[in-house]
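Undergrad:
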Amino acid sequence: MKITQSPKNFSKFLSYVLRHHPGSIGITLDVQGWTEISTLISQAAKHGKRFKLEDLHEAVRISDKQRFAISENGLRIRANQGHSVAVDLALPVTVPPDVLYHGTASRFIASIMKDGLRPGSRHHVHLSATTTTARTVGARHGTPVILQVMAKDMHEDGIQFFVSANGVWLCDSVLPKYLIRMNNDH
Ligand code: HQG
Numbered sequence: 001m002k003i004t005q006s007p008k009n010f011s012k013f014l015s016y017v018l019r020h021h022p023g024s025i026g027i028t029l030d031v032q033g034w035t036e037i038s039t040l041i042s043q044a045a046k047h048g049k050r051f052k053l054e055d056l057h058e059a060v061r062i063s064d065k066q067r068f069a070i071s072e073n074g075l076r077i078r079a080n081q082g083h084s085v086a087v088d089l090a091l092p093v094t095v096p097p098d099v100l101y102h103g104t105a106s107r108f109i110a111s112i113m114k115d116g117l118r119p120g121s122r123h124h125v126h127l128s129a130t131t132t133t134a135r136t137v138g139a140r141h142g143t144p145v146i147l148q149v150m151a152k153d154m155h156e157d158g159i160q161f162f163v164s165a166n167g168v169w170l171c172d173s174v175l176p177k178y179l180i181r182m183n184n185d186h
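First residue of the sequence shown: 1, per the numbering used here; consecutive thereafter.
1. What does DSSP give as the partner residues of Y16 in its beta bridges?
2. Assign K49 to buried or exposed, taking buried as 16 or more other Cβ atoms, counted over all protein chains shown, within 10 Å of its Cβ.
3. Is DSSP giving P7 helix, strand or coil here?
4. Could you pull out every residue in the same chain whose Cβ sits closer than 8 Å to the Cβ of P97, ignoring the five residues on either side in sequence?
5. What number of angstroms, rounded off, separates the C-alpha of A110 from the C-alpha of L40?
6. Exposed or buried, what is K2 when buried is set at 16 or more other beta-carbons lying within 10 Å of its beta-carbon?
7. Confirm, please, whether the CB-CB distance from R67 to A79 is below 8 Å.
8. Strictly by DSSP, which residues pair up with A146?
9. What residue range is occupied by the uninterrupted beta strand (DSSP E) comprising V60?
10. Out of P7, L179 and A45, which has the shortest C-alpha to C-alpha gap to G116?
11. Determine the DSSP secondary structure at E72, reduced to helix, strand or coil.
12. State the start and end residues of the unbroken alpha helix (DSSP H) segment that holds T137.
13. Go through its chain and collect everything with a Cβ distance to H126's Cβ below 8 Å, but skip five positions before and after it.
Right, here's the structure in full:
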């Protein structure tokens, strides 16, 4: 790979342009978040990030969380979730499991138990199917704490859930009444 960066940094670059700042290299995303791979490659090169099609395929393949998808015809790429720019991923509404999990940092707990989970700069609140994933997500912010999310109750109350192509559960927000703080031994 021509770019003098680790795969992790390359993945971060792709997240940056495909989720948050496509304009930083002069590309645009369509309403569903897709962009032409050939344009991505040429525009990235113009901005000092040189890589080949094979490098891109490799980055998509090895992404630990399968953050990116390439279209069936191989011509376009998008991030599977995590956008801050306005896109509509057109994910189907999906019935959630009875319980989902949200990993966060201990310093956010008081605020979350008061106001509920808010999407912040993202489009959705991100929820995990397992405590293991939730712990990893929470540890990115500090001492991890896992919240149990009563997804079945939310669903029965008419709240919509979506699941991204890489298995992240998404919803608009979670009220405090659906949250239970778990003990640290999970
Ligand atoms: C917290 C990663 C105070 C929330 C992961 C979280 C995930 C509140 C932080 C994806 C709050 C936002 C998303 C409230 C929420 N008061 N704090 N009312 N409501 N928070 O990074 O869920 O690597 O935007 O608990 O794997 O940590 O990007 O969200 O701690 O799937 O592919 O505010 O990002 O994936 O942080 O992570 P984030 P997140 P990628």
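All C-beta atoms, glycine included, are put in the ideal place defined by N, C-alpha and C.
All of these numbers come straight from a predicted model, not from anything done at the bench.
TA: Looking at the atomic coordinates:
1. Position 16 of the sequence shown holds residue 16. Note: Y16 sits in no beta bridge, so no partner.
2. For the purposes of this step, residue 49 is taken as residue 49 along the sequence shown, with counting starting at 1. With 16 or more Cβ atoms within 10 Å of its Cβ, K49 is classed as buried.
3. Mapped onto the sequence shown, residue 7 falls at position 7. Correct three-state label for P7: helix.
4. Working through the sequence shown from its first residue, we reach residue 97 at position 97. Taken in chain order, the residues that qualify are A129, A151 and K152.
5. Walking along the sequence shown from the start, residue 110 turns up at place 110. Walking along the sequence shown from the start, residue 40 turns up at place 40. Roughly 42 Å between the two C-alpha positions.
6. Indexing the sequence shown from 1 puts residue 2 at position 2. Residue placement at K2 is flagged as unreliable, the pLDDT there being 46, under the threshold of 50; the coordinate-derived value follows with that caveat. Under this definition K2 is an exposed residue.
7. Walking along the sequence shown from the start, residue 79 turns up at place 79. Walking along the sequence shown from the start, residue 67 turns up at place 67. Yes, Cβ-Cβ distance for A79 and R67 is below 8 Å.
8. Against the sequence shown, residue 146 aligns to sequence position 146. Before going on, a small fix: residue 146 reads as Ile here, not Ala. G103.
9. By one-based count along the sequence shown, residue 60 stands at place 60. Counting along the chain, V60 falls outside any beta strand (DSSP E), though it belongs to the alpha helix (DSSP H) covering L53 to I62.
10. By one-based count along the sequence shown, residue 116 stands at place 116. Minimum Cα distance to G116 is reached at L179.
11. For this step, residue 72 is matched to residue 72 along the sequence shown. Of the three classes helix, strand and coil, the one that applies to E72 here is coil, per DSSP.
12. What you label residue 137 is simply residue 137 of the sequence shown in a count that begins at 1. According to the sequence displayed, residue 137 carries Val and not Thr. T131 to A139 is the extent of the alpha helix (DSSP H) around V137.
13. As a first step, residue 126 must be located in the sequence shown, where it is residue number 126. Here the set comprises Q81, G82, H102, V137, V168, W169 and L170.
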